[in-house]
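So the protein lines, in turn, are chains A and B.
Add 8 to the 1-based position in the first sequence for this note's numbering, that's all there is to it.
Add 8 to the 1-based position in the second sequence for this note's numbering, that's all there is to it.
Cβ atoms here follow ideal geometry from the backbone N, Cα and C, with glycine treated the same way.
None of the values given here were measured: they were computed from a predicted structure.
Number of protein chains: 2
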Amino acid sequence: MFSESVNNLIKQFEKLPGIGHKTAIRLAFFVLESSMENAEEMAKAIVEARQKVKFCSTCFNLTESDPCKICADEKRDKSIICVVESVKDVTAMEKTHEYNGLYHVLHGSISPMNNVSAADIKIKELLERLKDDEIKEVILATNPTIEGETTAMYISRIIKPLGINVTRIAAGLPVGSDIEYTDEITLIKALEGRRNM
Amino acid sequence: MFSESVNNLIKQFEKLPGIGHKTAIRLAFFVLESSMENAEEMAKAIVEARQKVKFCSTCFNLTESDPCKICADEKRDKSIICVVESVKDVTAMEKTHEYNGLYHVLHGSISPMNNVSAADIKIKELLERLKDDEIKEVILATNPTIEGETTAMYISRIIKPLGINVTRIAAGLPVGSDIEYTDEITLIKALEGRRNM
């Protein structure tokens with residue numbers, strides 16, 4: 009239907025997450041109908057961001073400097089590491105403005121279904137960091153999914169013998185939700201996690 | 009929250025139609041987490057497609073050659089021009105495999121609300137084409153919206169005195185729809201457009 013260069017552009021947009029064939033066509037047409045400067049600006053932004061942004065060699069968060077701003081920040085509590093699955097989870101955590109420790113991005117979770125084993129994610133790099141005596145607590149903030157729970161369980165079993173305090177973020181009812189419409193598993197988790205008032 | 013180059017990339021993605029701030033962040037992270045080759049490929053596809061693709065100087069469809077494949081096709085009926093608002097409408101028409109004439113892309117519709125007048129869209133270029141005696145019919149295939157109807161009305165008033173047959177595509181119930189749930193205006197159009205069986 010379209011010429012080769014247009015088909016290629018559509019194919020490139022289709023690679024993006026959540027962008028199907030029809031949306032890719034819409035995006036491609038937008039680029040074709042916009043100015044040449046606009047297209048060049050977009051192309052430049054893609055390459056520049058990808059070139060400048062690297063993984064922090066300590067926590068594996070995305071960063072332009074190494075170590076990243078969080079790892080280098082003298083004001084942060086270097087005795088706590090919050091372990092998350094992805095870079096986006098760091099962003100979510102930082103938005104709370106409540107956490108002042110360090111992070112460790114695993115870049116995935118253990119998932120036999122998808123052929124991802126413990127060796128495929130940044131667990132050995134985490135253990136390497138724990139050799140530092142300064143670290144007193146590891147917070148496991150992986151997702152409350154089967155994969156996330158498996159990963160948390162796996163890591164906690166390795167770390168506990170090292171004498172480091174291992175905690176897991178709470179699962180329960182999200183704020184503003186309704187017990188009536190909450191699924192059973194979440195309710196069970198909420199009951200299990202009950203605390204004295 | 010993010011570094012300058014990442015913020016710039018997010019801003020570029022936000023320019024795309026239907027992409028909000030959150031989706032733009034998701035797309036940006038995908039680029040940052042993908043390989044350098046992938047980022048470069050995408051950037052190249054954007055610039056290349058934009059460079060190669062131009063507007064056909066006859067019908068104003070997007071094309072890599074001028075005149076475009078449709079205008080240059082000897083097998084097409086050069087006595088009919090189908091007037092559409094946008095390039096995407098040409099694609100939609102072509103998918104039917106029913107129409108074998110030429111096209112004329114207006115690149116917009118008359119819309120006083122949005123400060124678009126008849127002079128801002130490719131109407132004078134259409135009139136220029138009509139000087140060719142070969143053209144016997146102009147099909148007005150603008151959208152069945154206020155702007156599309158206004159544009160169709162405007163063009164038909166200019167063309168009719170030239171002795172060229174001017175037709176408007178039918179408005180009515182879409183195939184597979186339900187009269188019960190059809191809006192009043194569509195029903196009125198369907199009644200007005202009734203034909204002998």
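As assigned by DSSP and simplified to three states, the class of residue i
i              : result
R203 (chain B) : coil
N151 (chain A) : coil
T66 (chain A)  : coil
V39 (chain B)  : helix
T190 (chain B) : coil
E219 (chain B) : In the structure as shown, chain B starts at 9 and stops at 205, and residue 219 (chain B) therefore has no counterpart that could be examined.
V183 (chain A) : coil
E22 (chain A)  : helix
V55 (chain A)  : helix
E157 (chain B) : helix
E142 (chain B) : coil
V14 (chain A)  : helix
Residue burial classification, residue i (beta-carbon count within 10 angstroms, cutoff 16)
i              : result
N16 (chain A)  : buried
M205 (chain A) : exposed
L170 (chain A) : exposed
A58 (chain B)  : Checking the displayed sequence, the identity of residue 58 (chain B) turns out to be Arg instead of Ala. Buried.
N69 (chain A)  : buried
A53 (chain B)  : buried
I167 (chain B) : buried
Y189 (chain A) : exposed
R203 (chain B) : exposed
T104 (chain A) : exposed
G156 (chain A) : buried
E200 (chain A) : exposed
S73 (chain B)  : exposed
R176 (chain A) : buried
E127 (chain A) : It is worth fixing the name first, because residue 127 (chain A) is Ala in this sequence and not Glu. Looking at its Cβ environment, which holds fewer than 16 other Cβ atoms inside 10 Å, A127 (chain A) is exposed.
I18 (chain B)  : buried
D141 (chain B) : exposed
L135 (chain A) : exposed
A178 (chain B) : exposed
D97 (chain B)  : buried
E106 (chain B) : exposed
Residue i vs residue j beta-carbon contact at 9 Å
i              : j              : result
V91 (chain A)  : T153 (chain A) : no
C79 (chain B)  : T99 (chain B)  : no
K86 (chain B)  : I147 (chain B) : no
R137 (chain A) : I89 (chain A)  : yes
V113 (chain A) : S11 (chain B)  : no
L24 (chain A)  : F38 (chain B)  : yes
R84 (chain B)  : N108 (chain B) : yes
M44 (chain B)  : Q20 (chain A)  : no
V95 (chain A)  : L40 (chain B)  : yes
L35 (chain A)  : I196 (chain B) : no
E48 (chain B)  : A32 (chain B)  : no
I172 (chain A) : E145 (chain A) : yes
T158 (chain B) : I118 (chain B) : yes
I240 (chain B) : Y162 (chain B) : Chain B is shown from 9 up to 205; residue 240 (chain B) falls before or after that span and cannot be answered.
G116 (chain A) : E133 (chain A) : no
V174 (chain B) : S185 (chain B) : no
Closer than 8 Å: residue i CB and nearest the ligand FAD heavy atom
i             : result
I18 (chain A) : Within the structure as shown, the ligand FAD is missing, as the structure has no ligands at all.
Query - Contacting positions in the stretch 81-112 of chain B - beta carbon closer than 9 Å to chain A - result: S94, V95, K96, T99, E102 and K103
Query - Whole runs of the alpha helix (DSSP H) within the stretch 79-134 of chain A, excluding any shorter than 4 residues - result: 95-103
Query raised in the report: Going along the chain, which residues of the stretch 47-70 of chain B sit with their C-beta nearer than 8 Å to a C-beta in chain A?
Result: A47, E48, E49, M50, A51, K52, A53, I54, V55, E56, A57, R58, Q59, K60, V61 and L70
Query raised in the report: Between the stretch 26-42 of chain A and chain B, which residues of the former have CB atoms less than 9 Å from a CB of the latter, in chain order?
Result: G26, I27, T31, I33, R34, L35, A36, F37, F38, V39, L40, E41 and S42
Query raised in the report: Between the stretch 110-136 of chain B and chain A, which residues of the former have CB atoms less than 7 Å from a CB of the latter, in chain order?
Result: Under the 7 Å Cβ criterion, the stretch 110-136 of chain B contributes no residue.
Requested in this report: With 7 Å as the limit, tell me which residues of the stretch 144-160 of chain A have their beta carbon closer than that to any beta carbon of chain B; keep them in chain order.
Outcome: none
Requested in this report: Check each residue of the stretch 13-25 of chain A: if its Cβ is closer than 7 Å to any Cβ of chain B, include it; give the result in chain order.
Outcome: S13, V14, N16, L17, Q20, L24 and P25
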